[in-house]
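>
In this note's numbering, the protein residues as written are 945 to 1123.
Right under this line is the structure:
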C-alpha cells in the first residue's frame, strides 16, 4: 500500500512519503505511521502485544544551541539505539529531538524495561560532535504506550505515547513513563 500511495502522489508531495530520515538514517515519521497501522492490525488479529515508545534526547550545550550540534549528534544517538534494538523493532525520527520506537510483541512493562536500558545507555555514552564542539553526553526521557482495547487505531496509540512523554517532561530527566 505504501508504495502505491507514493506513486499516486503528485511529485511535489512525494517527500511526505520519504521512508528514511536524511539527517539520521533511520526511518521517517511518515513510514513509522504507515507501519504502525499495519502492526496494530496484526496485533489485534493475532491477539499479541504492541508497544510504542517516544524518547526525547536532550543536551543543553548541543541540542538546545543554534550551533547545529544537535543535528550532528542525532545520527550518533540513532546508531547507539539501533545497535541495542531487536531485528523486529522499528526506530524512526519523530521530531527534531525525539525518536519513536515500535516494539512488536512486547507488553507495556516489557517495553518500559527495554526503553529504560536504552535511556541508561544513552546517559553513559559519550557522543563525538565535531572538531570544534568536542564530545557531549546526553540524557533522555521516554514514554511507552501499549496497544489496548481503548486504542481505536495507531493515532490513539501515538497520542497516548505523546501524553505520557509530556507527563515525563514535567518531572526530572531520567524517567520512563508507561501509559
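Built from N, CA and C at the ideal position, the CB exists for glycine as well.
Residue 1066: which of 990, 1024 and 987 sits nearest, CA to CA?
Counting from 1 along the chain shown, the entry for residue 1066 is found at position 122. Answer by Cα proximity: 1024.
> Alpha carbon to alpha carbon, what distance is there between residue 1086 and residue 1063?
The residue given as residue 1063 occupies position 119 in the chain shown. The residue given as residue 1086 occupies position 142 in the chain shown. So the alpha carbons of these two residues sit roughly 8 Å apart.
> Put residue 1107 into one of helix, strand or coil per three-state DSSP.
Here residue 1107 corresponds to residue number 163 of the chain shown, with the count starting at 1. Residue state, collapsed to three classes: helix.
> Using CA coordinates, which residue listed in 1040, 1121 and 1018 is at the minimum distance from residue 1069?
Taking the chain shown and counting its residues from 1, one reaches residue 1069 at position 125. Ranking 1040, 1121 and 1018 by Cα distance to residue 1069 puts 1018 first.
> Should residue 997 and residue 1045 be called a contact, given that it needs their Cβ atoms to be closer than 8 Å?
Within the chain shown, residue 997 is the residue found at index 53, counting from 1. Within the chain shown, residue 1045 is the residue found at index 101, counting from 1. Going by C-beta atoms, residue 997 is nearer than 8 Å to residue 1045.
> With respect to the beta strand (DSSP E) encompassing residue 997, which residues constitute its N-terminal and C-terminal limits?
In the chain shown, the residue the question calls residue 997 occupies position 53. First-last of the beta strand (DSSP E) with residue 997: 994-1002.
> Using the three-state DSSP reduction, which class does residue 1029 fall into: helix, strand or coil?
Taking the chain shown and counting its residues from 1, the one referred to as residue 1029 is at position 85. Residue state, collapsed to three classes: coil.
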